[in-house]
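Heads up, the thing below is written out as structure tokens.
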Amino acid sequence: MNEKAKCIYCKGQMKRGAGPLHIDRKGCHVMLDNVPAWVCAQCGETYFEEKEVQAVQELIKSVEQKAEALALTA
122 MNEKAKCIYC KGQMKRGAGP LHIDRKGCHV MLDNVPAWVC AQCGETYFEE KEVQAVQELI
182 KSVEQKAEAL ALTA
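Residue numbers (the numbering used here): 122 to 195.
Structure follows, in structure tokens:
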């Protein structure tokens with residue numbers, strides 16, 4: 122994505138910024154407030170690049186593993 126990209130919903134201009142990401146998976150709730158992203162200047166729709174998505178997936182995998190380890194000790 123680049124500075125010329127348009128929002129698929131409102132056709133507003135996309136700007137580099139940060140946005141929240143909330144994920145519920147396998148009993149874990151992860152809230153990240155400031156993930157680098159492309160944000161629509163008009164409607165606020167947020168798009169994440171592949172590198173950010175991969176980093177978040179690694180974080181979630183780590184959280185899941187720790188949650189499973191805690192469940193085994195309970």
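No residue lacks a Cβ here, since even glycine has one placed at the ideal position from N, Cα and C.
In this text, all values refer to a predicted model and were calculated from it rather than measured experimentally.
Check                                                                                                                                  : Outcome
If you follow the alpha helix (DSSP H) that Lys-187 is in, where does it begin and where does it stop?                                 : 171-194
Note the first and the last residue of the continuous beta strand (DSSP E) segment covering Lys-136.                                   : 135-146
Pull up the distance between the alpha-carbon of Ile-144 and that of Met-152, whole angstroms please.                                  : 7 Å
Could you give the C-beta distance for Tyr-130 and Glu-166, rounded to a whole number, given that I count them as a contact under 8 Å? : 5 Å
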